[in-house]
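Presented below is the structure to which this report refers.
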Amino acid sequence: MMKLFAPIRTAIIGFGAVAEKMHAPLIDVCPDLALQAVVERHENKCEKRYPNVQTYRSLESLLEEDAADLIVITTPNEFHFPMAKMALEVGKHVVVDKPVTIFSKEAEELQELASNKGLLCTVFQNRRFDGDFKTIQSLLQQETLGRIISLESHFDRFRPQLGENWREKNVPGNGVTYDLGTHLIDQLVLAFGSPLSVWADIRMQRTHAVADDYFDIVLDYGSLKAKATAGVMVNAPTPKFLLLGEKGSYQKFGLDVQEAAFKAGQRPEGESWGVEEPKKWGTLYLENETKQWPTLAGDYRVFYQNIAAHLLRNEELLVTLQEAITVLKIIEAAFQSAHEGRKILKKEGGW
């Protein structure tokens, strides 16, 4: 494998809303990465904002011209596997937007290919760096609530009308489970490890829906139950997190502030990035005391900073493809559970 030097030539494949609002700005502010190429089939939106970027109409043409060393794939889920495989086969490092691939077997094939070639292949899991989840991790590490018995993680919205996004179409890898479910399950597994069993209720709740728009997935750890749930018919406040322990509870409403900042076009810079104002902090309910609990600052910038540090200095990866494979297998078990109406037990040796 050829040694890389900073800044690493980076390309984005697909320039939809997530790439435009999140991936491109995060790459642009990372001093060890240089956004130099993009694949857009019909437009040139990226190079209008980033004049040094060269636009290509296909991944094949970008690879033929050797335009980048790091390939970031943000296309719809059904294209993740063939595009990542194509990039790896010609010696490129790859970051794929979550859930990485539709099937765990595909992700395992990418893992083997990357390993054989000495290349990086991993998944963009930005919500590991949400301020509220970092706060949950801190409470667990400090044992503030003692022995934990339950964690509920919600991502509820009110979108009763069907949209035009590909995730709501009848295409492979559609639906809210492969979208938000990937984030929430990844957080739960990071916090507690691989569960003993999975139970799930996955539905299409909106009229004429062709993709799942609701899930309630329970990861059973024996003495601890972790639940991930999301729906698009919720027009009332529900907690983002509810953590229950022997010494008390922690409840947090509202989403991490970074997403709204990205949507507003704010550049991810400065010490105030990802800092939540005190009025939005969660609440800690102890036996004889109730108080606001400061939310730790979130920071999605850490993801690409770590990618660059790994490629340049061999620093340990914070998000690995093996972790993404575990999440995919749990999602596959969740769909099996919902279809068969039963709990799915972990197999010997893992999922």
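Position in the sequence shown (first residue = 1) + 1438 = my numbering. All C-beta atoms, glycine included, are put in the ideal place defined by N, C-alpha and C.
Between the stretch 1726 to 1736 and the stretch 1763 to 1775, can you find at least three pairs of beta-carbon atoms closer than 8 Å?
Contact fails: fewer than three Cβ-Cβ distances are below 8 Å.
Taking a contact to mean a Cβ-Cβ separation below 7 Å, would you say V1670 touches R1605 in this structure?
Result no, Cβ atoms of V1670 and R1605 do not sit closer than 7 Å.
Let me check understanding here. Comparing Cα to Cα, which of L1600, F1653, H1518 and A1647 lies closest to L1622?
Minimum Cα distance to L1622 is reached at F1653.
Once the 5 residues before and after L1628 are set aside, which same chain residues still bring their CB inside 7 Å of it?
For L1628, where only same-chain residues beyond five positions count, the Cβ hits under 7 Å are R1566.
Short of 7 Å in beta carbon distance, which residues of its chain neighbour A1457, apart from the five on each side in sequence? Order them along the chain.
Excluding positions up to five away in sequence, the list reads I1450 and T1512.
Over the uninterrupted beta strand (DSSP E) stretch that includes C1559, give me the two end residues.
Run containing C1559: C1559 to F1562, per the beta strand (DSSP E) assignment.
Is V1636 near I1782, with beta carbons less than 7 Å apart?
For V1636 and I1782, yes; Cβs fall inside 7 Å.
For the pair the stretch 1743 to 1753 and the stretch 1519 to 1527, tell me if three or more CB-CB distances fall below 8 Å.
Contact fails: fewer than three Cβ-Cβ distances are below 8 Å.
Rounded to whole angstroms, what's the CA-CA distance from E1602 to K1685? Just pull it up for me.
Each residue's Cα considered, the two are about 46 Å apart.
At which residue ranges does the stretch 1440 to 1483 contain complete alpha helix (DSSP H) runs of 4 or more residues, listed in the order of the chain?
Segments of the alpha helix (DSSP H) lying fully in the stretch 1440 to 1483: 1462 to 1467.
Taking the alpha-carbon positions, what's the M1642 to L1681 distance?
The straight-line gap from Cα to Cα measures roughly 28 Å.
Pull up the CB-CB distance for Q1625 and F1562, whole angstroms please, since I reckon it's below 8 Å.
With a Cβ gap of about 14 Å, Q1625 and F1562 do not count as contacting.
Relative to the C-alpha of F1593, which candidate in L1618, P1463, L1583 and R1751 has its C-alpha closest?
The option with the nearest alpha carbon to F1593 is L1618.
Write down every uninterrupted run of the alpha helix (DSSP H) in the stretch 1676 to 1729 whose length is 4 residues or greater and which is fully enclosed by it, in chain order.
Qualifying alpha helix (DSSP H) stretches, in chain order: 1695 to 1701.
Suppose the cutoff is 7 Å on Cβ atoms and the five residues either side in sequence are ignored; what does the same chain contact list for I1574 look like?
Within the same chain, I1574 has close Cβ partners A1629, F1679 and L1681.
For D1658, which of helix, strand or coil comes out of DSSP?
The answer is strand: DSSP assigns D1658 an E or B state.
Can you determine whether any heavy atom of the ligand MN sits closer than 6 Å to the C-beta of Q1643, and answer yes or no?
In terms of ligand content, the structure shown is empty, and the ligand MN therefore cannot be addressed.
Report buried or exposed for E1754, applying the criterion of at least 16 other Cβ atoms within 10 angstroms of its Cβ.
So E1754 counts as exposed.
For H1531 and G1584, I'd like the C-alpha separation in whole angstroms.
Approximately 42 Å between the Cα atoms of the pair.
Output the distance between the C-alpha atoms of L1759 and R1487, rounded to the nearest integer angstrom.
L1759 and R1487: Cα-Cα distance of roughly 31 Å.
Find the nearest neighbour of A1475 within the set L1634, H1461, N1490 and Q1599, judged by alpha-carbon distance.
If we check each option's Cα against that of A1475, N1490 comes out closest.
Which class does T1426 belong to by DSSP, given the choice of helix, strand or coil?
Residue 1426 lies beyond the range of the chain shown here (1439 to 1789); nothing can be said about it.
When you compare the CB positions of G1660 and N1515, do they come within less than 7 Å of one another, or not?
Cβ distance not < 7 Å, so G1660 and N1515 don't count as in contact.
Using CA atoms only, rank isn't needed, just tell me which of D1650, E1485 and L1693 is closest to A1772.
The candidate whose alpha carbon is nearest that of A1772 is D1650.
What is the rounded straight-line gap between the Cα of M1524 and the Cα of E1502?
Using only the alpha carbons, I get a separation of about 11 Å.
Could you tell me the alpha carbon to alpha carbon distance between E1527 and N1673, rounded to whole angstroms?
Spanning the two alpha carbons is a distance of roughly 47 Å.
What residues match up with E1590 in a beta bridge as DSSP calls it?
According to DSSP, which records beta bridges pairwise, E1590 is partnered with K1665 and L1680.
Given a threshold of 16 other Cβ atoms within 10 Å of its Cβ, counted over all protein chains shown, does L1497 qualify as buried or as exposed?
Classification of L1497: buried, given that the 10 Å Cβ count is 16 or more.
Locate the beta strand (DSSP E) running through D1639, then write down its first and last residues.
It spans S1635 to R1641 - the beta strand (DSSP E) in which D1639 sits, taken as one unbroken run.
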